[in-house]
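In the UniProt record's numbering, the protein residues as written are 1 to 76. Working notes, beginning with the structure itself.
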Amino acid sequence: MGHPPLEFSDCYLDSPDFRERLKCYEQELERTNKFIKDVIKDGNALIGAMRSKWKVSISCFPQRVALALKLLHTAE
């Protein structure tokens, strides 16, 4: 998304045009900031879900190994 350039020399004049251009940049920064916060929130939720799945998988692992060994011994 393109914005009109901000000229350093225009900030001294503090014209309505400069303020309008500055407002465009501020709005874009707010949208970007919100997007980044949403990405972080979603990433943390994903990590939390993966951790809980991992804990369940690890807690069931010994029982699954024991069952597999039992099935191997009964097949012989």
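For each residue, glycine too, the CB sits at the ideal point set by N, CA and C. The structure displayed is predicted, hence computed values, not measured ones.
Kindly give me the distance between the Cβ atoms of R21 and H3, rounded to whole angstroms, as I take these residues to be in contact under 8 Å.
7 Å
What does a CB cutoff of less than 7 Å around C11 pick up in its chain, not counting 5 residues either side in sequence?
F18
What three-state label does DSSP hand E7 in the structure shown?
coil
For the candidate residues D38, L6, G43, whose alpha-carbon lies nearest to that of C24?
L6
If you reduce the DSSP assignment to three classes, tell me which class D17 lands in.
helix
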